[in-house]
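*Asks:* For the sequence shown, the working numbering gives the first residue as 2, with consecutive numbering after it.
To start, I am sharing the structure in question, which I have written as structure tokens.
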Amino acid sequence: MSDKLSEILAALAKSLQTTAEHVYGLLVRQAIVEGVTYAAMWLVGLSALVVGTRYINRLDDSDDAKGMLGAVMLVGWFIFSLSTILGLPHIVTAIVNPEWYAIEKILRLLK
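This is the structure:
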């Protein structure tokens, strides 16, 4: 397996006219960038949902839009929860252990 991995890194490095170590270093740095980007997007999504929920709670019960906005926020919370369950391990792995994240990307190329 490591021979195949070395071959892929060498081929990629040759096509980019650089060394395999440089390609691996780029993959590790890219893992950190992706992890931080996804974490920032997660925080923006959470903030939007919290602000939206607080806005809905401040509306009068007689307001017709409250029910529709509540339904939209419920769907938003559901999608956010599902994406958190599915995506949080990848975000944490990319930030905490970028080497593993880089190896995962390379292994996906092997398939």
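Beta carbons are placed, not taken as given, at the ideal position from N, Cα and C, and that holds for glycine.
1. From Val-37, Leu-17, Lys-5, pick the residue whose C-alpha is nearest to that of His-91; which is it?
2. In whole angstroms, give me the CA-to-CA distance for Leu-70 and Leu-87.
3. Just to confirm my understanding: we take Trp-101, look at its own chain, exclude 5 residues before and 5 after, and list those with CB closer than 8 Å. What are they?
4. How is the alpha helix (DSSP H) around Asn-58 delimited, first residue to last?
5. Measuring CA to CA, which of Trp-43, Leu-28, Val-34 is closest to Asp-80?
*Replies:* If we stick to the structure as given:
1. Val-37
2. Their Cα atoms are separated by approximately 26 Å.
3. Thr-94
4. 21-59
5. In the sequence under discussion, the amino acid at residue 80 is Ile, which differs from the Asp named in the question. Minimum Cα distance to Ile-80 is reached at Trp-43.
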